[in-house]
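Numbering (the UniProt record's numbering), first residue to last: 1 to 175.
See below:
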């Protein structure tokens, strides 16, 4: 009876050691794997300045559920790779925006949300308003509207994920 158990254990050892099919090894480009991982785990930092920030909060609620797309808001710029600028950017706030952007690790992306962040919006001609956050930081995706809906922001996030697929590791400096 002990020889039967030994034969069964030997058969299990042999079955574990051999590949069951040819799909156990996957060949891919490193750029594609890294791009897939980045777009599946976006950690945006919120830079909510005005009423657009309320619409930004809607995509975190149950109806839109940003978590299913791998999007988790972070409070620290050192832990985030995407910045969502939502609202009117004033001249006093511009240095803070640049400082927070510089603290983000590479690669970093910026979504400009709403008319005020895109080009000054309703307050375009005011002396204290920056006419678009793209004068302070490079912007990757512009989401139009006053305020833009949560669907528009979600569409902007999906467009950013498409852009992430196109970025190569060769384009990003690695320290």
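Quick reminder that beta carbons are idealized off the backbone N, C-alpha and C, glycines included.
Residue state for residue 125 is assigned as coil, using DSSP reduced to three classes. A straight-line Cα-Cα distance of about 24 Å links residue 157 and residue 96.
Annotation: residue 167 to residue 114 spans about 25 Å, alpha carbon to alpha carbon. In the same chain as residue 82, and ignoring 5 residues on each side of it, the C-beta atoms closer than 6 Å to its own belong to 42, 44, 109, in chain order. For residue 60, there is no enclosing beta strand (DSSP E), as DSSP marks it with neither H nor E.
Taking a 10 Å sphere around the C-beta of residue 38, we find 16 or more other C-beta atoms and assign the residue as buried.
Checking the DSSP bridge columns, you'll see residue 90 partnered with 129. Between the stretch 44-56 and the stretch 85-96 there are three or more inter-stretch CB-CB distances shorter than 8 Å, so the stretches are counted as touching. Burial state of residue 140 is buried, judged by a 10 Å Cβ sphere holding 16 or more other Cβ atoms. DSSP places residue 166 in the helix class (H, G or I) of the three-state scheme. Counting the other Cβ atoms within 10 Å of the Cβ of residue 30 gives fewer than 16, which makes it exposed. Taking the Cα of residue 72 as reference, the smallest distance to any Cα among 99, 102, 40 is reached at 40. For residue 34, the secondary structure class from DSSP, reduced to helix, strand or coil, is helix.
A straight-line Cα-Cα distance of about 37 Å links residue 162 and residue 127. One Cα belongs to residue 32, the other to residue 51, and the distance between them is close to 37 Å. For residue 35, the closest of 107, 133, 130, 62 by C-alpha to C-alpha distance is 107.
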